[in-house]
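The sequence shown runs 1 to 381 under the UniProt record's numbering.
Input: a single structure, listed below in structure tokens.
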Amino acid sequence: MKTVDLGSVATIDRQGVNPGSVVPETRYLGLEHIEQGGRIIGYETVGGAQLVSTKFRFSPEHVLFGKLRPNLGKISRPEFEGVCSTDIIPIRPGKHLDRNYLAHFLLQPSMIDYAASRTSGANLPRLSPDLLAKFLIPLPSLSEQRRIAAILDQADALRSRRRQVLNHLATLTGSVFHDTFGGHTYKTLRLDEVAAVSSGITKGRKTNESTTPTPYLAVSNVQAGCIKLDLVKEIPATSAEIQRYALQDGDLVLTEGGDPDKLGRGTVWRSQLALCLHQNHVFKVRPDKHIVLPDYLSECLASSESRAYFLRSAKQTTGIASINMTQLRAAPVPMPPMRDQLRFLERKMSIASKHAALQHIMATHDELFASLQSRAFRGEL
1 MKTVDLGSVA TIDRQGVNPG SVVPETRYLG LEHIEQGGRI IGYETVGGAQ
51 LVSTKFRFSP EHVLFGKLRP NLGKISRPEF EGVCSTDIIP IRPGKHLDRN
101 YLAHFLLQPS MIDYAASRTS GANLPRLSPD LLAKFLIPLP SLSEQRRIAA
151 ILDQADALRS RRRQVLNHLA TLTGSVFHDT FGGHTYKTLR LDEVAAVSSG
201 ITKGRKTNES TTPTPYLAVS NVQAGCIKLD LVKEIPATSA EIQRYALQDG
251 DLVLTEGGDP DKLGRGTVWR SQLALCLHQN HVFKVRPDKH IVLPDYLSEC
301 LASSESRAYF LRSAKQTTGI ASINMTQLRA APVPMPPMRD QLRFLERKMS
351 IASKHAALQH IMATHDELFA SLQSRAFRGE L
């Protein structure tokens, strides 16, 4: 199978357009509208987004390639016309290259890794369009390209259906919480009446005591409903600081600020690391487990009622909202009987077990799909 430069069979189509020259209803895509793997999750209009700088035109004939942080694999096949951010490169396949085949080729893990390795810029790594045009792509006959793309599309559709189930399970706990506790009137206590609330360790502080490099949770590690440990940094901490700021199994960790829709996001710490501290922008909430279960309290603080309280209480500046410890300690907590909390915990753990099992299956399917992609572009299908 012959291999050619991408630029010899496709056009890197950077057709700039002034937003003022297109109708306001024209659809606009930014990188935020494209998921890893290529699914388009929405769009804005040129008028609604109030665009002023130059954008690129695209159509259903293009493959859209996110050049900023290409390790994210934001490579999509739009089904409509519009304009996009200049951090997205429209690629128009020529007559000898199938669009679906091209998209699958670029979405291979090996190609995403390769693109990421060719970027420039430390803080905002971008892939040059000229380097993209030099990517080598296997070029079988057009009919063979379409056959390969059809096989990969079918396999990917199966993965997508399982991913939809996974996403449904991820939201099911909230529904179970509402079914269990919604519509009931319970005695309400302040958060600091049922839990100890504290701030974390501050970076850059001065100390004359000996310190030990110790892992800590930063804001980026604390997501809504989960902890991300793919990048855990260390901070020099004294023995007293380690004792004071160390997380214990069952603690809640909540962020103090961020985008308004992410204010106070958090989850339950389950001793994922033997020793871990928390940064001062991450609150630690240690429940009194005799009266409130960590999993109930976590869902309570993630509920729409708690979200509304956080937003009312928050200090907001230029799209960033934050709460302080006084406001968090005063958060209202409805207190259902322990038997109801235990019933909710049992149902939540059942959902979590199913979610973990499906995640394991999905990881296996992702590996098999990557293997299928590799075989396809080696001409082994």
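Beta carbons are placed, not taken as given, at the ideal position from N, Cα and C, and that holds for glycine.
Need the endpoints of the alpha helix (DSSP H) that residue i sits in, please.
{"i": "Arg347", "result": "338 to 377"}
{"i": "Ile151", "result": "142 to 181"}
{"i": "Gln327", "result": "325 to 329"}
{"i": "Glu193", "result": "191 to 194"}
{"i": "Leu102", "result": "99 to 106"}
{"i": "Tyr245", "result": "239 to 245"}
{"i": "Ile112", "result": "109 to 117"}
{"i": "Gly48", "result": "46 to 49"}
{"i": "Leu131", "result": "129 to 133"}
Quick check on the DSSP output: the beta strand (DSSP E) that includes residue i runs from which residue to which?
{"i": "Cys84", "result": "82 to 84"}
{"i": "Phe310", "result": "Taken as a continuous stretch (DSSP letters only), Phe310 belongs to no beta strand (DSSP E), being part of the alpha helix (DSSP H) at 304 to 313."}
{"i": "Tyr28", "result": "27 to 29"}
{"i": "Asp5", "result": "3 to 5"}
{"i": "Ala321", "result": "320 to 322"}
{"i": "Tyr216", "result": "212 to 217"}
{"i": "Val63", "result": "63 to 66"}
{"i": "Thr202", "result": "No beta strand (DSSP E) contains Thr202, which DSSP labels as neither H nor E."}
{"i": "Val292", "result": "Neither: Val292 is in no beta strand (DSSP E) and is coded neither H nor E."}
{"i": "Ile88", "result": "88 to 93"}
{"i": "Thr185", "result": "Where Thr185 is concerned, there is no enclosing beta strand (DSSP E), given that its DSSP letter is neither H nor E."}
{"i": "Val22", "result": "No beta strand (DSSP E) holds Val22; DSSP gives it neither H nor E."}
{"i": "Val333", "result": "332 to 334"}
State yes or no: is the C-beta of residue i within less than 8 Å of the C-beta of residue j?
{"i": "Val253", "j": "Thr238", "result": "no"}
{"i": "Val197", "j": "Arg329", "result": "yes"}
{"i": "Ala321", "j": "Ala314", "result": "yes"}
{"i": "Gly94", "j": "Ala149", "result": "no"}
{"i": "Met325", "j": "Ser210", "result": "no"}
{"i": "Asp251", "j": "Trp269", "result": "yes"}
{"i": "Arg190", "j": "Pro337", "result": "no"}
{"i": "Leu31", "j": "Ser85", "result": "yes"}
{"i": "Glu61", "j": "Arg92", "result": "yes"}
{"i": "Thr54", "j": "Val17", "result": "yes"}
{"i": "Ala224", "j": "Lys262", "result": "yes"}
{"i": "Phe65", "j": "Leu6", "result": "no"}
{"i": "Pro90", "j": "Leu51", "result": "no"}
{"i": "Leu142", "j": "His96", "result": "yes"}
{"i": "residue 388", "j": "Ile201", "result": "The requested residue 388 does not occur in the structure, where the chain is confined to residues 1 to 381."}
{"i": "Gln145", "j": "Tyr101", "result": "yes"}
{"i": "His360", "j": "Leu166", "result": "no"}
{"i": "Met1", "j": "Pro140", "result": "yes"}
Report, in whole angstroms, the separation of the C-beta atoms of residue i and residue j, which I expect to be a contact under 8 Å.
{"i": "Ile88", "j": "Leu29", "result": "7 Å"}
{"i": "Leu68", "j": "Arg126", "result": "5 Å"}
{"i": "Thr185", "j": "Phe344", "result": "No, Thr185 and Phe344 are not in contact; Cβ-Cβ is about 17 Å, not under 8 Å."}
{"i": "Ile151", "j": "Ala357", "result": "With a Cβ gap of about 27 Å, Ile151 and Ala357 do not count as contacting."}
{"i": "Val63", "j": "Ile75", "result": "7 Å"}
{"i": "Arg265", "j": "Val222", "result": "7 Å"}
{"i": "Ile12", "j": "Ala133", "result": "5 Å"}
{"i": "Lys233", "j": "Ala246", "result": "In fact, because the Cβ distance is near 16 Å, the residues do not count as touching under 8 Å."}
{"i": "Pro294", "j": "Thr188", "result": "Contact doesn't hold; Cβ gap of about 19 Å is too wide."}
{"i": "Val292", "j": "Val194", "result": "5 Å"}
{"i": "Gly379", "j": "Pro138", "result": "7 Å"}
{"i": "Leu136", "j": "Thr3", "result": "5 Å"}
{"i": "Met362", "j": "Arg57", "result": "Actually they are not in contact, since the Cβ atoms of Met362 and Arg57 sit about 36 Å apart, beyond 8 Å."}
Given a threshold of 16 other Cβ atoms within 10 Å of its Cβ, counted over all protein chains shown, does residue i qualify as buried or as exposed?
{"i": "Phe80", "result": "exposed"}
{"i": "His278", "result": "buried"}
{"i": "Gln341", "result": "buried"}
{"i": "Ser59", "result": "exposed"}
{"i": "Asn123", "result": "exposed"}
{"i": "Met349", "result": "exposed"}
{"i": "Asp249", "result": "exposed"}
{"i": "Met111", "result": "buried"}
{"i": "Pro213", "result": "exposed"}
{"i": "Leu229", "result": "exposed"}
{"i": "Ile41", "result": "exposed"}
{"i": "His33", "result": "buried"}
{"i": "Gly73", "result": "buried"}
{"i": "Lys284", "result": "buried"}
{"i": "Cys226", "result": "exposed"}
{"i": "His178", "result": "exposed"}
{"i": "Leu381", "result": "exposed"}
{"i": "Gln373", "result": "buried"}
{"i": "Asp259", "result": "exposed"}
{"i": "Ala103", "result": "buried"}
{"i": "Asp113", "result": "exposed"}
{"i": "Asp153", "result": "exposed"}
(request) Check whether the segment 201 to 217 touches the segment 357 to 376, taking contact to mean three or more Cβ pairs, one atom from each stretch, closer than 8 Å. (result) no
(request) Evaluate contact between the segment 146 to 161 and the segment 291 to 301, counting only Cβ atoms and requiring at least three cross-stretch pairs below 8 Å. (result) no
(request) Count the C-beta pairs between the segment 46 to 53 and the segment 8 to 28 that are closer than 8 Å, then say yes if the count reaches three, no if not. (result) Yes: at least three Cβ pairs fall under 8 Å.
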